[in-house]
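Comments concern the structure below.
Number of protein chains: 2
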Amino acid sequence: MRVSAKADYAVRAAVELAAAGEGEPVKGERLATSQDIPLQFLEHILLELKHQGLVRARRGAKGGYWLARPAAEVTVADVVRAVEGPIANVQSMPPETIEYAGNAEALRDVWIAVRANIRSVLEEVTLADLVSGELPRSVEQLTAEPDAWAAR
Amino acid sequence: MRVSAKADYAVRAAVELAAAGEGEPVKGERLATSQDIPLQFLEHILLELKHQGLVRARRGAKGGYWLARPAAEVTVADVVRAVEGPIANVQSMPPETIEYAGNAEALRDVWIAVRANIRSVLEEVTLADLVSGELPRSVEQLTAEPDAWAAR
DNA sequence: GCACACTCGACCTAAAAAGTCGAGAAAGTC
DNA sequence: GACTTTCTCGACTTTTTAGGTCGAGTGTGC
Chain A
331 MRVSAKADYA VRAAVELAAA GEGEPVKGER LATSQDIPLQ FLEHILLELK HQGLVRARRG
391 AKGGYWLARP AAEVTVADVV RAVEGPIANV QSMPPETIEY AGNAEALRDV WIAVRANIRS
451 VLEEVTLADL VSGELPRSVE QLTAEPDAWA AR
Chain B
331 MRVSAKADYA VRAAVELAAA GEGEPVKGER LATSQDIPLQ FLEHILLELK HQGLVRARRG
391 AKGGYWLARP AAEVTVADVV RAVEGPIANV QSMPPETIEY AGNAEALRDV WIAVRANIRS
451 VLEEVTLADL VSGELPRSVE QLTAEPDAWA AR
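As you go down the protein sequences, you meet chains A and B in turn. Going letter by letter, the first sequence gives residues 331 to 482 in my numbering. Going letter by letter, the second sequence gives residues 331 to 482 in my numbering.
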């Protein structure tokens, strides 16, 4: 139950693009240094984001990357899915396709519930929220509990 | 953002032990066949559960495994943590220890919120719930949304 | 035309996940 | 007390994924 470096990098790069606004394209190298991500690896990630239609790019002098849509219309879930595929799988299978034997039948519903709860965060937060630092109230409420900050 | 086969196996085996009740110990082989888990791999998992104090075991004829605590007092989170360590890490680091640069600062709070939401499911559901098939209301509500069953 | 910066496939390494093997040690049975 | 059963546990193998590198292209702007 972990977030890969790739997904983390992708979101951070996307946030940086969101912060840059509509003006000039941002060079890969600047994204790499400002978020401390290995450049070549980042370019692969940006390419995937481009293939998924989240990002656009132009080569050459004055080239670079920019968001294909307004930052307020791109959620964290969009970015994570672009590089990792469907969120929250069990053994690389979507939970709703799994058949559990006998006593474990109800376990499928647990994984479904977990996935729903993950989505409810990632699909609510947009890149614009991240740039402004103001998260949706439902998400802020979750981080408000001191318990949420305890390692476990 | 995926659940490993190991964690899935561990929970299923634990549910099977919960279903067996307080009577005789259950043999590894029976757990393996009833939940269709490779025996040798399962034995490693059971050993980890034993080391974490969730399960007890006895060797020899009439030997087998059983739960160390009543099934109603063991949550899915307990089992998952026993085999996978802390739930929901980013790049194998707990989210609260990560420092994000500049524009990505708020991202940490997002991961914290995700973790909190995962916990809120896994810490609510006990092995007894799974055996009976009756999940806590808060969890049932999550699975009630048709949207929760859509692959994405 | 030339420098810049993305494009993209091939490749690489390390670690983790998943699973197998086999010797040994405790528990019960006869 | 020999024997069988079943857990114990380290060592090993295999497969997959994560994470990262290289280098040859190709479009763009000046």
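Where is the CB? At the ideal position from N, CA and C, for every residue including glycine.
- When C-beta atoms of the segment 420 to 434 of chain A are compared with those of the segment 363 to 370 of chain B, three or more pairs fall below 8 Å, so the two segments count as touching.
- At a C-beta separation below 7 Å, Glu475 of chain B has these neighbours in chain A: Ala446.
- In the structure shown, the three-state DSSP call for Ala362 of chain A is helix.
- Counting along the chain, Arg411 of chain A sits inside the alpha helix (DSSP H) bounded by residues 406 to 414.
- Sorting B:Glu453, B:Glu354, B:Asp477 by C-alpha distance to the C-alpha of Val410 of chain B places B:Glu453 at the top.
- In terms of beta-carbon proximity, Met331 of chain A lines the interface with chain B, with at least one pair separated by less than 7 Å.
- In this model, Asn419 of chain A and Val440 of chain A are separated by some 12 Å (Cα to Cα).
- Taking 7 Å as the threshold, the shortest C-beta distance from Gln382 of chain A to chain B does not fall below it.
- Contact between the segment 396 to 410 of chain A and the segment 461 to 469 of chain B is absent: fewer than 3 CB-CB pairs across the two stretches fall below 8 Å.
- Here DSSP, grouped into helix, strand and coil, assigns Gly394 of chain B to strand.
- In the DSSP annotation of this structure, the continuous segment of the alpha helix (DSSP H) that includes Val440 of chain A starts and ends at 437 to 452.
- Take the alpha-carbon of Met423 of chain A and the one of Ala412 of chain A: they are about 17 Å apart.
- Exclusion of the five residues before and after Ala337 of chain B leaves Val409, Val410, Val413, Glu414 as the residues of its chain whose Cβ lies within less than 8 Å of its Cβ.
- Going by beta carbons, Leu472 of chain A and Ala446 of chain B fall inside the 7 Å limit.
- Leaving aside the five residues that flank Gly390 of chain B on each side, none in its chain has a CB nearer than 7 Å to its CB.
- Here Leu437 of chain A has Tyr430 as same chain residues with Cβ atoms under 7 Å from its own Cβ, once five neighbours each way along the sequence are excluded.
- Among the bridge pairs identified by DSSP, Val333 of chain B is matched with A:Val420.
- The C-alpha of Leu361 of chain A lies about 47 Å from the C-alpha of Gln370 of chain B.
- The distance from the Cβ of Trp479 of chain B to that of Ile442 of chain A is about 6 Å, consistent with a contact at the 8 Å cut-off.
- The beta carbon of Glu378 of chain B sits closer than 7 Å to the beta carbons of Ala412, Val413 from its chain, once the five residues preceding and following it are set aside; these are given in chain order.
- If you look at Ala474 of chain B, you'll find it in the alpha helix (DSSP H) that goes 467 to 474.
- Counting of Cβ neighbours within 10 angstroms places Arg342 of chain A among the buried residues, the total reaching 16 or more.
- Within the segment 357 to 386 of chain A, the residues whose Cβ lies closer than 9 Å to any Cβ of chain B are, in chain order, Ser364, Gln365, Asp366.
- Think of a sphere of 7 Å around the beta carbon of Val341 of chain A: the chain B residues whose beta carbon falls inside it are Leu437, in chain order.
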